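The next block holds one structure in the form of structure tokens; read it before the comments.
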Amino acid sequence: MKTAAALLLACGSASAFAPAATVSRSTALNLAVGEAAPDFSLVDQNGKTFTRSKNKKPLVVYFYPADSTPGCTVQAKAFQDEIQDIRKQYKADVVGISGQGAESKQKFASELGLDFSILADEGDEVRKAFGVPKAAFGFLPGRVTYVLRADGVCESVYDNLTDAASHIEAAKDALEEMQPAKKEGFSFSLPF
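Read in my numbering, the sequence shown has 39 at position 59, and its numbers run on one by one without any break.
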């Protein structure tokens, strides 16, 4: 433990040990692209139970370390700023998941005015089922965003502990890729 503390002091912060951002089409540690996400039922900040398999639209599932911490606050605000666009443009929804209880979720959501579900995963069972890797040599819960199709199959995995705000753009990029190709209007050009 003294060695770990010395390393952290020498390097300044745990983020020095965090992996660079990765957008993954398949990973060994996470739910892989093309695999069905595990089903889960968790309680949100309003006491409602959210069940993944009952959701019938694309879903952004983001795992974050803890409620009311600086990075997690930035991430939740970024998703809140885009939630209406995600719902309207992509016909998708967002849920955030961390290990704190429903009371913590209620306080966090109220402080930020969140109108999407943040789910209480006490015991980290859903985090484990998704295979979310730990960060900073196992000291911190990881920050990973999954984009699921309406049928629950994983389309994208984004893993970046230190740049919490980048998760929203990664999620929107994945949702954009899932959109059916837009039909071009008829055009006619003369060969001369």
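We put the CB at the ideal spot given by N, CA and C, even for glycine.
As the structure is a computational prediction, the values presented were derived from the model and not from experiment.
If you compare alpha carbons, which of the options is closest to residue i?
i    : options               : result
K143 : P50, D19, D73         : First, the residue type needs correcting, since residue 143 is Asp and not Lys in the sequence shown. Answer by Cα proximity: P50.
E135 : K71, L155, T31        : L155
K68  : S90, F43, K37         : K37
Q80  : A116, P45, R123       : P45
V74  : L141, L94, F119       : L94
V23  : N10, S78, R123, E62   : S78
C52  : L92, I63, E105, A82   : L92
A130 : V112, M158, E105, F30 : M158
L11  : A82, K87, E62, K108   : K108
A116 : L141, V124, Q64       : L141
F110 : F119, V54, F96, D139  : D139
F88  : A56, D153, G103       : A56
V13  : Y126, G103, E83, N35  : Y126
Q60  : A82, E83, S90         : S90
N35  : G27, D47, D19         : D19
G27  : I63, A82, D47, E62    : A82
D153 : V54, D47, E62, S48    : E62
With a CB to CB cut of under 7 angstroms and the five nearest residues on each side skipped, what residues in its chain are close to residue i?
i    : result
G132 : A16, A17, R32, S33
L128 : A17, P38, L39, V41, C134, E135
Among residues of its own chain, excluding the 5 on either side of residue i, which ones have a beta-carbon nearer than 6 angstroms to its beta-carbon?
i    : result
K85  : Q25, I98, A100
A58  : A145, I148
K114 : G122
V112 : F43, G122, V124
S175 : Nothing about residue 175 can be read from this structure; the chain reaches only from -19 to 172.
Looking at the structure shown, is residue i part of a helix, part of a strand, or coil, going by DSSP?
i    : result
G51  : helix
V112 : coil
E91  : helix
D143 : coil
E15  : coil
F59  : helix
Y42  : strand
Quick one: give me the first and last residue of the alpha helix (DSSP H) that residue i is part of.
i    : result
S33  : From DSSP, S33 is part of no alpha helix (DSSP H); its letter is neither H nor E.
E156 : 146 to 158
Residue i lies in the beta strand (DSSP E); which residues open and close that run?
i    : result
D24  : 21 to 24
D73  : 73 to 78
L99  : 97 to 100
V127 : 124 to 128
Starting from the C-beta of residue i, find all residues in its chain whose C-beta is less than 8 angstroms away, skip the five residues before and the five after it, and write them out in chain order.
i   : result
K71 : K37, P38
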